[in-house]
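Just remember that the numbering used here sits 25 ahead of the position in the sequence shown, which is counted from 1. Think of the CB as a built atom: it goes at the ideal place given N, C-alpha and C, for glycine as much as any other residue. Data block below; observations after.
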Amino acid sequence: MANYFVHESSYVDDGAQIGEGTKIWHFCHILGKAKIGQNCVFGQNVLVSNHVVVGDYCKIQNNVSLYEGVILEDYVFCGPSMVFTNVKTPRCEFPRNTSDDYLKTLVKRGTSIGANATIVCGITLNEYAFVAAGAVVTKDVPSYAIAAGVPAKIIGWMSAYGDVLEFDANAYAIDSTGTKYQKVSETEVIRVA
């Protein structure tokens, strides 16, 4: 007996690896070579393609497709109807349909992606990045950065806990949990303690 939940309207193909405590809700399809961690939640109408890796404690909201080439580390949040691509130059007449054609997109631990955002393939969203709703991300996003707009640009910084960081004259900020951050440059923030 499975130690995870799959709604009766969903399909999980033979061979898919699904971790304990994961919940797969209405109208989802998990392909046979997908690997999903523990205690994840998949909302309605989610597709997880072959060779996709989903870490532990991820939340994938309604209408999200995780196409081949997407790797999510632990605690990633994918908002409703956000989009991952996996081919840089798609053509219907000349399909790219081998694993070599799919570019890897890496979403690191704790990253949040807002509703209706688009993540162009071949990039990395670093630890605890925050992508605003509707953003179109075309390049790597640094750890703790808030990326918004079309194309997305860094508009601020957010702690791992989710507080917007306000840096003092010495380039330090402390979030509501007491964690200290330092702004090293215009494109890099680090957690100090």
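- Around the beta carbon of P120, fewer than 16 other beta carbons lie within 10 angstroms, which makes this residue exposed.
- Residue nearest to C146 within the set K164, M107, V209 is K164 (criterion: CA-CA distance).
- Exclusion of the five residues before and after D188 leaves D200, S201 as the residues of its chain whose Cβ lies within less than 6 Å of its Cβ.
- In its chain, beyond the 5 residues on either side, G80, K133, R134 have a beta carbon closer than 6 Å to the beta carbon of E98.
- At least 8 Å separates the beta-carbon of C53 from that of F30.
- Taking a contact as a CB-CB distance under 8 Å, the pair F109 and S137 does not count as one, their CB atoms being some 14 Å apart.
- Annotation: the continuous beta strand (DSSP E) that includes Y197 extends over 197 to 199.
- When the alpha-carbon of G57 is set against those of T143, N70, I43, K178, the nearest one is in I43.
- In the DSSP annotation of this structure, the continuous segment of the beta strand (DSSP E) that includes I179 starts and ends at 178 to 182.
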